[in-house]
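The next block holds one structure in the form of structure tokens; read it before the comments.
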Amino acid sequence: MITSGYERIKQTALNYVAAMKVGAVPGRYKKERAETEPGLYGSYHAAQILDLFDALGRFSEADIDTWAQFFQEKQCDQGYFTNRPEEVTANEPRVLRQMDPVWHNTRGMIWALRVLNRRPLKPLAFMEPFMDPKVMYDYVKSYDWSNSWAAGNQICALGTAMLAVRDWFGESDVDRVMEQGMYPALEELLDESTGYWGTQFGADLYNGQFGTIHITPIYFAMGWPLRAIERNVDSTLACQLADGSFWPGGSDCPDFDGAYMMMNGAALTDYRREDLNAAARRYLAHALMHEDPAGCGFLLHRRDSQPQDWKPRPHFVWLDGEDHAREELRDDDPARTHIMLGSWFYPLSIALVAHMLGDTGYEGPYKLNPMSLHECNVGCPTTIGSEDA
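If you read the sequence shown in our numbering, its first letter stands for residue 1, the second for the next number, and so on.
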């Protein structure tokens with residue numbers, strides 16, 4: 001099913017990708033207008049947006065190779081990815097928690113290569129210690145889960161790399177290590193009273209939700225049962241604000257996270273289905289308030305909001321030698337109106353709630369790559385919203 005709403009959302013997202021293109025080399029994009037040079041995250045999210053609308057087929061194989069090269073050249077000899085040029089050729093390996101500062105780049109570049117159907121040029125040697133289930137268990141438990149958001153991000157990256165080791169390099173023991181090491185650790189960290197990770201250790205409900213959205217895709221990718229789903233639904237509904245958003249003024253990551261939890265909760269249980277459906281309709285109306293009226297991308301904040309309505313969203317930064325993430329507050333500058341991530345997350349979240357409800361006018365053949373874990377849902381579909389989904 002292709003609806004007029006789908007076509008409009010698609011064109012709005014693709015228009016922003018086109019506007020952020022830098023130069024003539026394929027696959028080079030900036031993430032926002034203020035930048036002058038192409039960057040990893042602009043180029044990575046551009047690939048995700050185009051893939052979501054099955055638009056990568058317009059590029060030749062040679063163009064895709066050139067695009068992938070931008071990510072491949074960020075890989076160190078030990079196999080992880082970094083945006084620090086001086087580290088690409090460094091000989092000092094990172095081991096276990098020393099990976100903290102580079103996990104986010106590594107996860108993003110693996111997802112980008114998954115979407116482009118290309119592989120890294122070097123093996124992921126830094127993953128060798130994680131192939132011991134006891135090491136894996138202790139590693140997951142080593143994080144401070146009172147900041148579920150930061151911890152969950154790191155574990156999502158670890159899960160991403162484990163699946164890459166299995167699929168790209170034929171490591172047949174990955175599933176066993178995940179099931180004997182990661183799974184029991186995560187099960188012990190789940191708060192059954194909220195259905196979220198970390199809330200029993202002091203994370204508030206929002207922080208717990210933003211951590212949980214990074215853990216549940218691993219469960220779906222591995223086929224693990226998700227416990228306390230009714231409490232998860234209660235928590236998700238409690239996090240939604242009156243305007244349908246999941247963050248004051250709206251924000252791409254929290255809003256997507258809420259939509260993700262609603263759609264997957266509705267797929268797993270009939271509990272509070274009417275409440276979930278009503279919440280999903282409120283969310284859709286909210287997400288459309290981020291659509292650029294000029295038809296070029298999605299706004300950082302609701303178009304009817306003012307800076308006094310916003311709450312800066314934390315970004316967690318890991319520094320070498322520190323075992324806790326530092327919090328940086330961003331996205332509160334009125335001069336910053338769009339970033340590439342928003343033109344992936346808002347269409348993706350619209351795809352999820354349209355699939356969940358089935359009658360929104362935004363249904364369409366959205367294409368998902370479950371190994372890009374933010375697109376991995378219960379049942380791991382590769383297409384949602386089409387007649388053959």
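All residues carry an ideal CB built from backbone N, CA and C; glycine is no exception.
Can the beta-carbon of residue i be found less than 8 Å from the beta-carbon of residue j?
i      : j      : result
Gly198 : Asn207 : yes
Tyr346 : Ala287 : yes
Met263 : His355 : yes
Leu268 : Val378 : yes
Cys76  : Arg107 : no
Thr160 : Leu341 : no
Phe81  : Asn105 : yes
Leu158 : Phe130 : yes
Gly265 : Gly211 : no
His324 : Leu299 : no
Gly297 : Ser251 : no
Asp309 : Pro254 : no
Ala294 : Leu237 : no
Pro133 : Gln180 : yes
Gly364 : Thr36  : no
Met222 : Met178 : yes
Ala112 : Tyr44  : yes
Arg391 : Leu357 : Residue 391 is absent from the model: the chain starts at 1 and stops at 389.
Along the alpha helix (DSSP H) that carries residue i, what are the first and last residues, could you check?
i      : result
Val165 : Ser148 to Phe169
Phe345 : Gly342 to Leu357
Arg272 : Counting along the chain, Arg272 falls outside any alpha helix (DSSP H), and DSSP gives it neither H nor E.
Pro184 : Tyr183 to Leu189
His324 : His324 -> no alpha helix (DSSP H), and no H or E assigned at all.
Arg107 : Trp103 to Leu116
Phe220 : Leu205 to Met222
Gln240 : Premise fails: Gln240 is in no alpha helix (DSSP H) and is neither H nor E.
Gln69  : Glu61 to Gln72
Met136 : Pro133 to Lys141
Asp255 : Asp252 to Leu268
Val378 : Looking at the DSSP string, Val378 is not in any alpha helix (DSSP H), and its letter there is neither H nor E.
Ala46  : Leu40 to Leu52
Gly8   : In the sequence under discussion, the amino acid at residue 8 is Arg, which differs from the Gly named in the question. Ser4 to Ala19 is the extent of the alpha helix (DSSP H) around Arg8.
Pro85  : Pro85 to Val88
Val95  : Unbroken run through Val95: none, as it is neither H nor E.
Lys175 : The residue you asked about is not Lys; residue 175 is Asp in the sequence shown. Residues Val174 to Val177.
If residue i sits next to residue j, beta carbons under 8 Å apart, how far is it from one beta carbon to the other, in whole angstroms?
i      : j      : result
Leu329 : Pro307 : The Cβ separation is near 13 Å, so there is no contact.
Asp234 : Phe246 : Incorrect: roughly 15 Å between the Cβ atoms, too far for contact.
Phe126 : Gln78  : 5 Å
Leu205 : Phe169 : No, Leu205 and Phe169 are not in contact; Cβ-Cβ is about 39 Å, not under 8 Å.
Met289 : Asp304 : 6 Å
Lys31  : Gly23  : With a Cβ gap of about 15 Å, Lys31 and Gly23 do not count as contacting.
Here's the rule I'm using: 16 or more other beta-carbon atoms within 10 Å means buried, otherwise exposed. How should residue i be labelled?
i      : result
Gln11  : exposed
Glu387 : Bear in mind that a pLDDT of 49 at Glu387, under 50, signals an unreliable position, so the model cannot answer this.
Arg28  : buried
Met1   : exposed
Ser60  : exposed
Gly361 : exposed
Ala13  : buried
Asp193 : Checking the sequence, you will find Ser at residue 193 rather than Asp. Per the 10 Å Cβ criterion, exposed.
Gly202 : exposed
Arg176 : exposed
Thr382 : exposed
Tyr6   : buried
Asp331 : buried
Val25  : exposed
Pro101 : buried
Lys311 : exposed
Ser172 : exposed
Gly57  : exposed
Ala150 : buried
Glu291 : buried
Asp359 : exposed
At what residues does the beta strand (DSSP E) containing residue i begin and finish?
i      : result
Val25  : Here Val25 belongs to no beta strand (DSSP E), and DSSP marks it neither H nor E.
Arg302 : Neither: Arg302 is in no beta strand (DSSP E) and is coded neither H nor E.
Phe316 : Arg313 to Val317
Next on the checklist: Pairs of beta-carbons, one from the region 63–71 and one from the region 362–378, closer than 8 Å: are there three or more?
Outcome noted: no
Checklist entry - How do the region 341–358 and the region 97–105 stand: do at least 3 beta-carbon pairs fall below 8 Å, yes or no? => result no
Checklist entry - Is there contact here, the region 108–118 with the region 137–150, by at least three beta-carbon pairs under 8 Å? => result no
Checklist entry - Would you call the region 238–254 and the region 174–187 touching, i.e. three or more CB-CB distances under 8 Å? => result no
Next on the checklist: Using a Cβ distance threshold of 8 Å, determine whether the region 314–323 contacts the region 17–33, with at least three qualifying pairs required.
Outcome noted: no
Checklist entry - Using 8 Å as the Cβ pair cut-off and three pairs as the minimum, do the region 82–96 and the region 45–63 touch? => result no
Next on the checklist: Pairs of beta-carbons, one from the region 212–227 and one from the region 270–280, closer than 8 Å: are there three or more?
Outcome noted: no
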